[in-house]
């Protein structure tokens with residue numbers, strides 16, 4: 001996909017499907033068609049900070065690692081700090097070429 005096609009596809013998500021100049025085609029990994037209701041649906045809400053999540057696991061991780069807590073994962077090679085282990089793994093892979 002070229003950059004212009006990607007920007008058109010991303011812009012189409014905010015439009016109604018019939019208004020989109022180039023409809024978003026579901027990939028073979030997804031069987032669900034993107035609709036406005038699906039994109040805006042967020043059922044799980046943090047009672048402390050009111051952040052909203054589509055899936056319970058997102059809210060669970062937020063409560064466990066993020067909400068009202070200092071970053072607990074630190075890079076050993078630079079001053080980078082983060083609240084979730086996956087963020088540290090991504091940082092190490094992209095900035096220091098290591099896992």
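Numbering (the UniProt record's numbering), first residue to last: 1 to 99. Backbone N, C-alpha and C define an ideal beta-carbon position, used for all residues, glycine too.
Asked: Can you have a look at residue 50 and say buried or exposed, based on whether 16 or more other CB atoms are within 10 angstroms of its CB?; Found: exposed
Asked: Below 8 Å between beta carbons: does that hold for residue 83 and residue 66?; Found: yes
Asked: Along the chain, where does the alpha helix (DSSP H) that runs through residue 60 open and close?; Found: 56-61
Asked: Determine the closest residue to residue 72 out of 85, 62, 78 and 61, with distance taken between C-alpha atoms.; Found: 85
Asked: Flag this pair as yes or no: are the beta carbons of residue 78 and residue 88 separated by less than 8 Å?; Found: no
Asked: Suppose the cutoff is 6 Å on Cβ atoms and the five residues either side in sequence are ignored; what does the same chain contact list for residue 96 look like?; Found: 77
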